[in-house]
Amino acid sequence: MLTLSHLWQPFHEFVFMRRALLGGLVLACSTAPLGVFLILRRMSLIGDAVAHGILPGAALGFWFAGLSLPALTLGGLGAGLSMAGLAAWITRRTGLREDASLAAIYPISLASGVLILGIAGKRLDLLHLLFGSALAVDGATLNGMLWVSALSVMAVALIYKPLLLDTLDPFFLRTVSRLGPVAHGVFLTLVVLNLVIGFQAIGALMVVGLMMLPAAASRFWSRRLPILIAIAALIGCASVWLGLLLSFYYSLPSGPAIVLVAGGSYLLSVVFGPVHGLLRRPPLLTSQ
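Using our numbering, the first residue of the sequence shown is number 11, and each one after it goes up by one.
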């Protein structure tokens, strides 16, 4: 029988659970504003594309340096930024939409990463890179997550106003300031950096869920941007906590467990959310 002690006992008894919880909580807080802005800017799928795009760089870093945090971070960051930059260059040169460019590039990046892993043979673990293991977060990875999260939160605070204007009315921002492209570039860099540091714990394919699902769920609870960010962070933190408990008690993979809890929060928000939730929608008029 489950009791209240089951909600905190694993984190009290085991160091690896405390590391996984702390790393997941700071990651949820740093990805929350990024996910909300991605949705508001209609760039929701870009996070998924970039998460696939970092795989070749991470695989190369893993191949040459093993489980080295600097190598994985630099490799993934270089690959992610290169893919985003290439997509932006194609968009400027050809007029193709940026999301279409990314949709064309990320399968190439994913296939390249898998090919590198195949060539490396048993030296690399594909499942570790794709799905991660929050329960295997070591001290170096946790420190990296803390630094990236702190940097991300401070950077978002600094570019908040120009990023908001660039999201709501980019033409107006161009007439009064030249900070729009700078804010957009910093924003994309933060997205890539959070995905890179997050995939080492949750996995390249799972970290996108922690970034996007809480942000999507928050849209059903408020229309005010600061509240949206706060709600997304709370949902992300709760998903990490409950997902780790499910992983611990039922021997489930930690990354998918966290994302599935976040997915459940999203589905509940779709149904019960006061802003456009299914149960709050006015009944359709019917003709007599």
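Yeah, the Cβ is synthetic: ideal placement off N, Cα and C, and Gly gets one too.
Because the structure is a prediction, the values reported are computed rather than measured.
By the beta-carbon neighbour count (other beta carbons within 10 angstroms, threshold 16), S279 is buried. In this structure P191 is exposed. Its beta-carbon is surrounded by fewer than 16 other beta-carbon atoms within 10 angstroms.
When DSSP states are grouped into helix, strand and coil, V285 belongs to the coil group. With at least 16 other beta carbons inside 10 angstroms of its own, I169 counts as buried. By the neighbour-count definition (other C-beta atoms within 10 Å, threshold 16), A150 is an exposed residue. Spanning the alpha carbons of A61 and R234 requires a straight line of approximately 28 Å.
DSSP, read as helix, strand or coil, puts L106 in coil.
Comparing alpha carbon positions, the residue from W251, Y276, S232 and L277 closest to V285 is S232.
Per DSSP, M221 is one residue of the alpha helix (DSSP H) stretching across V217 to S228.
By the criterion of at least three beta-carbon pairs nearer than 8 Å, the region 121–129 is in contact with the region 63–71. Burial state of A160 is exposed, judged by a 10 Å Cβ sphere holding fewer than 16 other Cβ atoms. With respect to G287, F230 sits close: the two C-beta atoms are nearer than 7 Å. For D179, no alpha helix (DSSP H) segment is defined, and its DSSP state is neither H nor E. Across the structure, N204 and I49 are spaced so that their CA atoms are roughly 16 Å apart. With a 10 Å radius around the Cβ and a threshold of 16 neighbouring Cβ atoms, W157 comes out exposed.
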